[in-house]
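Residue numbers (this note's numbering), protein chains in the order written: chain L, 173 to 456; chain W, 173 to 456. Note that beta-carbon positions come from the ideal geometry of N, C-alpha and C, so glycine has one too. Note that the coordinates shown come from a computational prediction; the quantities given were computed from them, not determined experimentally. Everything below concerns the one structure shown next.
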């Protein structure tokens, strides 16, 4: 007779970088009573203190080596620091499981494989976010029914993949695995290019016409309000794939331009129908 | 001593074309008890019968001249038929106030001015809609706190403008007036181009990646699901202004392409910040 599965319960989980995503992980762990202790790691003590006050973490350290030994560290800092943070954690806590929450995977995973091959690391990308930033906007239900993509390599042992998958599932998410490279190619069009499209439309709209917008403009530009620094990093990390996907969108826009210049009814209908067919395939 | 203003109450309002907008007008008139009789005019008796059953209209005629004499007719048919419908109504009911609910104004108003100069007509554009179509998706509160743009010309008497403005306000809307030409120029970017951008992004996303989309893609492409026939007509009616506004968006997209190709951090930040500044000016 096997025991029924029990919810994972961690002794200590550390969150390295306590912003919107890190704060939401802390709130989710505490709401679901999955960790005895949630430790924040970061440089800005005042910000970490606010994360304590908002209930996202129990305590914090500004020096990673001073953390109580964690079972799991989730790296939630800006993507350009993640490999360095992974290295620091693996040096001080060689037995600790490590994952991240970054939006791009190929460069990061390759860098960690090359520089910290023995780290018990697997890349994670939770498809969850907000147009707000900061732990004070954290949401314990942010991962509910969201997808988290895990990006193991051939070198990643199941002893790393499985507990990290269980970790995200315990926060309410579904998990899938993908190789890092196709992950970044797919996310270029499903996540990164939409920010460019939304931003370009917003920027092209004269401010004096903002009182004439309707619901469509509002929805289409919503993510143009996202954090500029974060999205600059993501676009830089994934620039080749984003460029390719963006060129694809732009060539469709140019087909619309030709159809408008010719006032070609059939072309306009065909182009609009192609977009509708794809959007309808998703559902609302 | 002047009397306090009283709510407008019409004897007979006719709605020529009972789809989503026309159906919502009927529902709003009836919910607010603003008309004794709401008559639908159209060609498709089965569809009009369903509009009776859904409560949008009291009765219908498929021959405009058979309508009980209306105080007001709201033309809600596809934009290419509106001038012809206006002419028909003005011939049979020369004293009747006439307005429309179309998304473009310059060509329509010019055509009516030229062909039916004595019609008691003023163009209206309610900035309200839905990604659904048909009277069965009508909503009596669709115009609540929405903007309706009236497009009088120099020939439009106040005796037409004022009661039509009051009509929309009695449905809960705010009204402003604009000349037809700047209306169409402004709406090109605030309403029409977003449909092209949303559609192009949706069409460029491979179907097998739809399970990897997050909230941003969902919002940005939402209006790609809109009615293809309706939007083909709108884009055709306003093709020159839409083309110009779309080229403006496309040139910003190409600036993003250059910044990505160069992996230019400063350019990416500047471009994203410009979009955020404009979007933040609107609020959520």
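In whole angstroms, what is the alpha-carbon distance linking residue 183 of chain W and residue 361 of chain L?
When the Cα atoms are used, residue 183 of chain W and residue 361 of chain L turn out to be separated by approximately 54 Å.
Is it the case that the Cβ atoms of residue 210 of chain L and residue 191 of chain L are separated by a distance below 8 Å?
no
Is it true that the CB of residue 285 of chain L sits closer than 8 Å to the CB of residue 325 of chain L?
yes
Which residue or residues does DSSP assign as beta-bridge partners of residue 209 of chain W?
W:184
Going by beta-carbon coordinates alone, are residue 244 of chain L and residue 269 of chain L separated by less than 8 Å?
yes
Within 10 angstroms of its Cβ, does residue 383 of chain L collect 16 or more other Cβ (buried), or is it exposed?
exposed
Taking CB distances under 8 Å as the criterion, tell me whether residue 176 of chain W reaches chain L.
Its pLDDT being 39, under 50, residue 176 of chain W is placed unreliably by the model, and the measurement read from it follows with that caveat. Cβ-Cβ to chain L under 8 Å: no for residue 176 of chain W.
With residue 295 of chain L as the anchor, note down where its beta strand (DSSP E) starts and where it stops.
292-298 is the span of the beta strand (DSSP E), which, as asked, contains residue 295 of chain L.
Within 10 Å of its beta-carbon, does residue 271 of chain L have 16 or more other beta-carbons around it, so buried, or fewer, so exposed?
With 16 or more other Cβ atoms within 10 Å, it is buried.
Taking contact to mean 3 or more Cβ pairs, one atom from each stretch, closer than 8 Å, check whether the stretch 404-422 of chain W and the stretch 397-414 of chain L are in contact.
no
Please report the distance separating the alpha-carbon of residue 396 of chain L from that of residue 363 of chain W.
17 Å
Quick check for students: name the residue ranges of the beta strand (DSSP E) that lie wholly in the stretch 386-454 of chain W, counting only runs of 3 or more.
none
Please classify residue 219 of chain W: does DSSP put it in a helix, a strand, or coil?
Here residue 219 of chain W carries a helix assignment [DSSP, helix/strand/coil].
So who's on the other strand from residue 231 of chain L, going by DSSP bridges?
L:211
Identify whether residue 332 of chain L lies in helix, strand or coil by the three-state DSSP scheme.
helix
Would you check if the distance between the CB atom of residue 409 of chain L and the CB atom of residue 352 of chain L is smaller than 8 Å?
no
Go ahead and label residue 455 of chain W buried or exposed: buried means 16 or more other beta carbons lie within 10 angstroms of its beta carbon, across all protein chains shown.
exposed
Verify whether the separation of the beta carbon atoms of residue 232 of chain L and residue 258 of chain L is less than 8 Å.
no
Can you find the residues in the same chain that come closer than 8 Å, C-beta to C-beta, to residue 427 of chain W, ignoring five residues on each side of it along the sequence?
439 and 443
What whole-angstrom Cβ distance do residue 295 of chain L and residue 322 of chain L have, given they're in contact under 8 Å?
7 Å
Would you say residue 190 of chain L faces chain W, with C-beta separation under 8 Å as the test?
no
Using a Cβ-Cβ cutoff of less than 7 Å, which residues in the same chain neighbour residue 392 of chain W once the five nearest sequence positions on both sides are dropped?
370 and 373
Under 8 Å, do residue 320 of chain W and residue 298 of chain W count as touching if we go by C-beta distance?
yes
My understanding is that residue 222 of chain W touches residue 308 of chain W, with C-beta atoms under 8 Å, so please give their C-beta distance in whole angstroms.
The Cβ separation is near 6 Å, so the contact holds.
Beta strand (DSSP E) containing residue 172 of chain W: first to last residue?
For residue 172 of chain W there is no data in the structure shown, the boundaries of chain W being 173 and 456.
As a quick exercise: from L:208, L:398 and L:213, pick the residue whose alpha carbon is nearest that of residue 194 of chain L.
L:213
By a C-beta neighbour count over all protein chains shown, 10 Å radius and 16 as the cutoff for buried, is residue 312 of chain L buried or exposed?
buried
Would you identify the three-state DSSP class for residue 245 of chain L, choosing helix, strand or coil?
strand
Along chain W, which residues have their Cβ under 7 Å away from the Cβ of residue 309 of chain L?
Residues of chain W passing the Cβ test: none, with the nearest at roughly 13 Å.
Since residue 358 of chain L and residue 347 of chain L should fall inside the 8 Å C-beta cutoff, what is the C-beta to C-beta distance between them, to a whole number of angstroms?
Going by Cβ atoms, the distance from residue 358 of chain L to residue 347 of chain L rounds to 16 Å, so no, they are not a contact pair.
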